[in-house]
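For reference, the structure is listed below as structure tokens.
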């Protein structure tokens, strides 16, 4: 056994030990008074050690890279990210003793930047989310490091058949609930890896659950799904950090998604205020997007006279967005002030009122 083999085994053992020290994330019921026969749950991924859903992905990416022989002792790990994956990868890089560089857009929240640095990572800024890919590749070549490339490997690094993925966790935790098999599981797409894991797992296990992907404005995923054109690109970046992309990422697998819903950004951010009131805590922007898409599905089920359950993802906590989504001046500057939308979301959830905005919906192009 070579020195490298010994190091790899030790690194994998450290990551496995870290996993064993952590409990599962919580499943939180959200009471919607207007829809008593439909139960909504939030899978709280903010309770991971690094505070977001991306903790699962980062662990999988490191194990995938180690087992493929891509990481060596002293290797610099580089990742392109909007922030949360970089926070989690910085954590795992420090855990196994590797230097880490995050390539992020300049608009990434200060709180995420501070978290990356807290875990020992360096931050390399680019002017646009479109530039993170090429700059990460350039740095990896220049430094002789490894570009982790979450946008390519997210869908394949996670073992969707196993008992340590988010889908298996959801179904295990739902077993004692009144409607244990969800009608829908809703999640938004950053890489597309989570929807791929859930969609594949549901099919593999034979569940009747359908998968809905929520997408923000300024993202190509929805249109690519609806049209089948995977060459779409846009210049603008998403206002909802962590989800929505200017290009169709390789880990986005439309065929495992049953439906997509595009949510207006202002509605996503209005939902955060409702969730803060309902949960007594703040959530990140993508959770607002997930909530609005889930509320739309709940309303449709109610209108059809159906009973059942919907599960969605609380991706990260709102403490990472105090200077943006919870800052009225920032919202005004972006034209995203919720204004009357907060009351509208409350009225829809609690009284069954119609939503005063349109959520676009699409089935997969075939």
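In the working numbering, the protein residues as written are 251 to 616. C-beta: ideal position from N, C-alpha, C; glycine also.
DSSP-derived helix/strand/coil call for residue i
i           : result
residue 470 : coil
residue 321 : coil
residue 375 : strand
residue 280 : strand
residue 330 : strand
residue 482 : coil
residue 523 : helix
residue 575 : coil
residue 302 : strand
Residue i, enclosing beta strand (DSSP E) - first and last residue
i           : result
residue 465 : 460-465
residue 351 : 350-355
residue 288 : 288-294
One or two residues paired with residue i in a DSSP bridge
i           : result
residue 434 : 460, 560
residue 611 : 511
residue 497 : 483
Outcome for residue i when other beta-carbon atoms lying within 10 angstroms are tallied against a minimum of 16
i           : result
residue 588 : buried
residue 400 : buried
residue 328 : buried
residue 490 : buried
residue 331 : buried
residue 601 : exposed
residue 623 : Nothing in the structure corresponds to residue 623, since the chain is present only between 251 and 616.
residue 565 : buried
residue 454 : exposed
residue 368 : exposed
Range covered by the alpha helix (DSSP H) that runs through residue i
i           : result
residue 342 : 334-345
residue 454 : 443-455
residue 593 : 591-601
residue 537 : 535-553
residue 502 : Looking at the DSSP string, residue 502 is not in any alpha helix (DSSP H), and its letter there is neither H nor E.
Exercise for the section: Would you check if the region 357-364 and the region 339-348 touch, i.e. whether three or more CB-CB distances between them fall below 8 angstroms? Expected result: Flag = no, the region 339-348 and the region 357-364 do not touch.
Handout entry: Segment contact flag, the region 417-433 with the region 376-391, C-beta cutoff 8 angstroms, min 3 pairs
Key = Taking 8 angstroms as the limit for Cβ pairs, the verdict is that the region 376-391 does not touch the region 417-433.
Practice task
Decide yes or no for the touch test of the region 589-598 against the region 482-501: beta carbon pairs closer than 8 angstroms, at least 3 of them.
Solution key: No: fewer than three Cβ pairs fall under 8 angstroms.
Practice task
Indicate whether the contact test is met: 3 or more Cβ pairs, each with one atom in the region 506-518 and one in the region 365-385, closer than 8 angstroms.
Solution key: A contact between stretches requires three or more CB pairs, one per stretch, nearer than 8 angstroms, and the region 506-518 fails this requirement with the region 365-385.
Problem - At least three beta-carbon pairs within less than 8 angstroms, the region 453-467 to the region 433-442 - result: Yes: at least three Cβ pairs fall under 8 angstroms.
Handout entry: Inter-stretch contact at 8 angstroms, needing at least 3 Cβ pairs: the region 445-453 / the region 470-480
Key = No, the region 445-453 is not in contact with the region 470-480.
Exercise for the section: Would you check if there are 3 or more beta carbon pairs closer than 8 angstroms linking the region 292-302 to the region 268-278? Expected result: Short answer: they touch.
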